[in-house]
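Input: a single structure, listed below in structure tokens.
In this note's numbering, the protein residues as written are 2 to 244.
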């Protein structure tokens with residue numbers, strides 16, 4: 002059993018707790034995620050924890066092959082319905098760490114807000130490396146800094162929040178080579194700390210999410226074009242598979 006198998010609140014359905022920042026209330030944030038990840042994606046991609054498939058679908062114009070996956074049966078069913086007409090898209094169900102049922106390796110794996118659910122994170126990354134081509138990339142997006150850990154994290158089953166140092170140790174222990182490893186969304190981290198830790202908010206208010214998306218996300222993106230932040234709501238990593 003991994004932490005991913007014991008998620009307190011599975012990422013299933015439109016109302017899942019963790020999906021609020023990816024919903025219609027947060028279009029700027031969704032674009033921020035895509036713009037950060039897209040430069041590191043090759044022609045074939047496996048997404049871990051695809052949910053309902055919104056994020057992976059954005060990459061289709063640049064892909065020859067897409068594999069989406071989830072542990073939750075509801076999400077897997079929704080993914081099959083969403084992509085039923087596409088021969089170039091496969092849908093898998095599994096929880097990490099495991100032997101991933103993928104015969105033909107991909108050149109890119111992405112996992113958005115997944116690794117923090119998994120107690121055996123090094124083994125999970127090793128599982129992913131086995132289905133990634135030599136020289137390929139594993140792109141990791143995780144919540145940052147235990148100082149921000151609060152009721153929301155407990156509700157959605159987060160085992161931890163990472164720093165670049167702690168994530169880097171797991172990546173290296175899995176035999177991967179960090180190519181990009183940094184905190185991002187500095188202003189979002191401050192806003193999260195104020196709302197969740199100081200304010201005691203256990204659940205993102207959709208009204209506040211809209212305000213955050215319209216003000217904080219554009220501001221932090223502008224700042225981070227010129228300054229590498231020392232801290233952030235998120236830690237972003239691109240790890241290479243040796244070869």
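Even for Gly, the Cβ is constructed at its ideal location relative to N, Cα and C.
- Counting every other CB atom within 10 Å of its CB across the protein chains shown gives residue 144 a total of 16 or more, marking it as buried.
- Excluding the 5 residues flanking it on each side, residue 177 has same chain C-beta neighbours closer than 7 Å at 126, 130, 139, 240, 241, 242, in chain order.
- Checking the DSSP bridge columns, you'll see residue 179 partnered with 240.
- Counting of Cβ neighbours within 10 angstroms places residue 224 among the exposed residues, the total staying below 16.
- Cβ-Cβ distances below 7 Å link residue 214 to 26, 27, 28, 29, 30 in the same chain, with the five nearest sequence neighbours on each side left out; the list follows chain order.
- The residue among 95, 167, 46 with its C-alpha nearest the C-alpha of residue 60 is 46.
- If you ignore the 5 residues before and after residue 191, its C-beta comes within less than 8 Å of no other C-beta in its own chain.
- Secondary structure at residue 82: helix, using DSSP grouped into helix, strand and coil.
- By the Cβ neighbour-count rule, residue 221 is buried, with 16 or more other Cβ atoms within 10 Å of its own.
- Residue state for residue 45 is assigned as strand, using DSSP reduced to three classes.
- From the listed residues 69, 79, 108, the smallest Cα separation to residue 89 is found for 69.
- Here residue 152 is exposed, its C-beta having fewer than 16 other C-beta atoms within 10 Å.
- Your pair residue 112 and residue 49 checks out as a contact, with CB atoms roughly 4 Å apart and the cut at 8 Å.
- Nearest neighbour of residue 134 by Cα position, chosen from 109, 119, 150, turns out to be 109.
- In this structure residue 54 is buried. Its beta-carbon is surrounded by 16 or more other beta-carbon atoms within 10 angstroms.
- Straight through space, the alpha carbons of residue 169 and residue 141 are spaced by roughly 11 Å.
- The shortest C-alpha to C-alpha distance from residue 40 to any of 232, 181, 188, 195 is the one to 181.
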